[in-house]
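What follows is a set of notes on a single structure, which appears directly below.
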Amino acid sequence: MTGTRLESLAAIEAALWHELAAAASNPQHGWRRLVLATRAGDAADARTLVLRELDTDERTLLFYTDARSAKVLQIAHRPAGTLVAWCAVLSWQLRMRARLEVQAEGLAVSSRWARLALTPSAQDYLAPAAPGTPIDPGFVPLPAGRTHFALLSARIESIDWLELGERVHRRASFDAAGARWLVP
Ligand SMILES: Cc1cc2nc3c(=O)[nH]c(=O)nc-3n(C[C@H](O)[C@H](O)[C@H](O)COP(=O)(O)O)c2cc1C
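If you're matching positions, the sequence shown starts at 4 in our numbering and goes up one per residue.
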């Protein structure tokens, strides 16, 4: 997709979904790591997540997380979030409003955990204490506990696309009502 200047909104929308699918399978892609912003009471919170899977038909991105992490509680209170991603190769930024959902059990979770459990990444979900728990000086890591692996899905409701050009920038939005050009 690099090097081609797409002219129509339809071509841009198709290309951005194509690139998101590429990011889900290519660890080097600029959109592989996105920032997810959520509401934390009266404050805003945000963190980096790795894009693991994409269901283009359902417009849904899938992430892995620890069911005890702060974001999971925030999502339970307010399932609206915004994902932000920048790819220097494409020179494209995405800001995506999404409905968030966390699943901590069921076949979708257990089938992915079965694969992940055999890899070093499994340790990320086996810590005996929740992520963010304060650690005393001289803390000795406890042996791994049971898994707290969970799936975080983000169903995209609208996309704000920004292209940074050398001289001209372009911006467009895509949602259920259609697509339109915006002043960058
Ligand atoms: C490059 C990078 C990738 C990360 N990927 C994930 C991820 O896929 N899932 C996740 O839960 N946390 C991931 N993290 C850690 C989160 O950014 C965050 O620190 C952690 O999830 C706790 O966030 P919370 O307290 O808001 O729940 C990643 C951090 C970095 C720097």
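By construction, the Cβ of each residue, glycine as well, lies at the ideal position given by its N, Cα and C atoms.
query, result
"Opening and closing residue of the alpha helix (DSSP H) in which Arg118 lies", "110 to 119"
"Limits of the unbroken alpha helix (DSSP H) element including Ala26", "12 to 28"
"Under the three-state DSSP convention, the category Gln77 falls into", "helix"
"Segments assigned alpha helix (DSSP H), at least 4 residues, entirely inside the segment 34 to 92", "73 to 80"
"Identity of the residues DSSP links to Phe177 by a beta bridge", "Ile162, Ala182"
"Cβ neighbours of Ala147 in the same chain (closer than 8 Å, five flanking residues each side left out)", "Gln126, Leu129, Ala130, Pro131"
"Proximal residues to His172 (C-beta, below 8 Å), its chain only, five neighbours per side dropped", "Leu165, Glu166, Pro187"
"Beta-carbon proximity list for Ala13, same chain, < 8 Å, skipping 5 on both sides", "Ala182"
"Gln96, DSSP secondary structure in three states", "strand"
"C-alpha distance - Leu19 paired with Leu103, whole-angstrom precision", "20 Å"
"For Ala125, three-class secondary structure by DSSP", "helix"
"Own chain, CB closer than 6 Å to Arg71, minus 5 neighbours either side, in chain order", "Ala133, His151"
"Which listed residue (Ile162, Ala25, Pro123) has its alpha carbon closest to that of Ala180", "Ile162"
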